[in-house]
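Numbering (the numbering used here), first residue to last: 3 to 492.
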Ligand SMILES: Cc1cc2nc3c(=O)[nH]c(=O)nc-3n(C[C@H](O)[C@H](O)[C@H](O)COP(=O)(O)OP(=O)(O)OC[C@H]3O[C@@H](n4cnc5c(N)ncnc54)[C@H](O)[C@@H]3O)c2cc1C
Ligand code: SF4
């Protein structure tokens, strides 16, 4: 063997990253299951199961191809690599550019040689070129440029379907008594069972742990869900836990799928005429727009961005985030119970329920970020940091988003069926049955007048605040709600 190729648990792809030019007779492949990754934090076990089992399956598939693979458990990645280097008397360690600042620094200090990270469609320098030329970093501007650069859903410089976005069509509330197609279940094999046993955990059958399983998930989405993805993409219902979301983020993030193959499959189905433009555009926007933008912004904004707290939010993480029995708020109970069972909810509960609550309660952004990192199946640093710090809780003072995503119960009531089974009333802002979201939304606007009242995008909201006749009463109720949330009684 001539050199070590180090494969992090989020580069599990034979055709991209450091493996694309690998040679079984010269390269020793190393995967490290570090204790920092497995026991360093109270990770959701569904997440650990998925990451570890995927990596072990991947190691097995490389062995099947004739590679020599060392899969080692060690306190840290660097400890593991040091051990293997010594054992095999090798000096050169190759790796695709890692996906977080921390790992980049650790591997740089270790002396690894990097090759370009091609797990995204937008190289980091290209994104920087775009960002350097912007006054503000609007995702929409980036997305349109991506459509043209990549030649996706465009005719020349014009959008297919006559518009760049179909957001208006894609904001339907959930239909009543909604039954979609069944979700795909992934059977467990010996490796899965071994990992589950080590973790002392019974995993769901929701997440595949192999490339074949990930490809099945993609095919299932295209066949059974893609056409209806768009209109219901923001809806939430207790009757159907994922509606028509693709459930592909874990595989895109750990490398089992590459975004280009997901896009190719989506465009193929669209071209066949089976999928309306609002669904095709809505889905493509998530991939070539949001996903690429968030990754680009992570690298562009730098390692200190994760520590931003411009609104000086100090509250400790509230008990209802980890324990649904600590709340009577039906939307939170449902969302946290869903996370506890399968480590996933879609983008609207993440943004408009979890992050919204963290924002309007003044929860410390880093405590909230850490919790989000621990509990989601698809959470990694590059994607969680901008989504939470920038989009979710506006802790960056508006670097990413022009206004905070704060909302009262009316939004949740419109987009879900949660309020029907709730102890609170989304229309009320004062009194014992007032919706905590509604009360705290106005309280948040009032507390942060200095930061936001001059923001013209929030003019309407501040106009509404001025017209409230019961602000003193509302402030009193907000104090009660915050205390009740801390005590786990609201
Ligand atoms: C506060 C917050 C935290 C989030 N944390 C994560 C995270 O840790 N990991 C993660 O992959 N996504 C995250 N997202 C984005 C989004 O919620 C998930 O990608 C999506 O719910 C995954 O389910 P899906 O694959 O069914 O997505 P779909 O709705 O089917 O969308 C398709 C794909 O688009 C991509 N995508 C869509 N929105 C985003 C986005 N905002 N950022 C990055 N990619 C996006 C994902 O790869 C996703 O698989 C977060 C969003 C918010 C608002
Ligand atoms: S009334 Fe308020 S707390 Fe209850 S489910 Fe609706 S939004 Fe959530």
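Beta carbons are placed, not taken as given, at the ideal position from N, Cα and C, and that holds for glycine. If you're wondering where the values come from, they're calculated on a predicted model, not measured in any experiment.
Could you pull the DSSP bridge partners for residue i from this structure?
i, result
"residue 161", "156"
"residue 5", "29"
"residue 76", "36"
"residue 117", "98"
"residue 365", "317"
Helix, strand or coil for residue i, going by three-state DSSP, please let me know.
i, result
"residue 63", "helix"
"residue 493", "Only positions 3 to 492 of the chain appear in this structure, which leaves residue 493 out of reach."
"residue 197", "helix"
"residue 501", "No answer is possible for residue 501: it lies beyond the span of the chain, which begins at 3 and ends at 492."
"residue 437", "coil"
"residue 424", "coil"
"residue 418", "strand"
"residue 178", "coil"
"residue 147", "helix"
"residue 168", "coil"
"residue 71", "strand"
"residue 206", "coil"
"residue 493", "With the chain represented from 3 up to 492, any question about residue 493 goes unanswered, as that position is not in the structure."
"residue 317", "strand"
"residue 248", "coil"
"residue 243", "coil"
"residue 403", "coil"
"residue 354", "helix"
"residue 23", "helix"
"residue 463", "helix"
"residue 259", "coil"
"residue 474", "helix"
"residue 469", "coil"
"residue 310", "coil"
"residue 133", "helix"
"residue 128", "helix"
"residue 277", "coil"
How many whole angstroms separate the CB atoms of residue i and residue j, which I take to be in contact at a CB cut-off of 8 Å?
i, j, result
"residue 284", "residue 172", "5 Å"
"residue 78", "residue 38", "5 Å"
"residue 269", "residue 154", "7 Å"
"residue 8", "residue 95", "6 Å"
"residue 280", "residue 232", "4 Å"
"residue 409", "residue 354", "6 Å"
"residue 247", "residue 230", "Contact doesn't hold; Cβ gap of about 10 Å is too wide."
"residue 332", "residue 424", "4 Å"
"residue 209", "residue 161", "That pair is no contact at about 34 Å."
"residue 291", "residue 144", "7 Å"
"residue 70", "residue 30", "5 Å"
"residue 228", "residue 271", "6 Å"
"residue 432", "residue 467", "Between residue 467 and residue 432 the Cβ distance is about 14 Å, and since that is not below 8 Å, they are no contact."
Please list, following the chain, all residues that have a C-beta closer than 5 Å to any non-hydrogen atom of ligand 2.
331, 332, 333, 411, 414, 420, 421, 424, 426, 428, 437, 439
If contact is defined by three or more beta carbon pairs under 8 Å, each pair taking one atom from either stretch, is the stretch 218 to 229 in contact with the stretch 335 to 342?
no
Kindly confirm or deny that the stretch 289 to 298 and the stretch 381 to 388 touch, where touching means at least three C-beta pairs closer than 8 Å.
yes
Sufficient close CB pairs (3 or more, under 8 Å) joining the stretch 164 to 178 to the stretch 408 to 419
yes
Three CB pairs or more closer than 8 Å across the stretch 357 to 373 and the stretch 299 to 316
yes
Is the stretch 476 to 489 touching the stretch 438 to 449 in the sense that three or more CB pairs, one from each, lie closer than 8 Å?
yes
Would you check if there are 3 or more beta carbon pairs closer than 8 Å linking the stretch 91 to 106 to the stretch 117 to 133?
yes
Taking three-plus beta-carbon pairs below 8 Å as touching, is the stretch 23 to 43 in contact with the stretch 63 to 79?
yes
State whether the stretch 348 to 363 contacts the stretch 391 to 401, with contact taken as three or more CB pairs (one from each stretch) at a distance under 8 Å.
yes
Quick test of the definition: if touching needs 3 or more C-beta pairs under 8 Å, does the stretch 127 to 136 touch the stretch 313 to 332?
no
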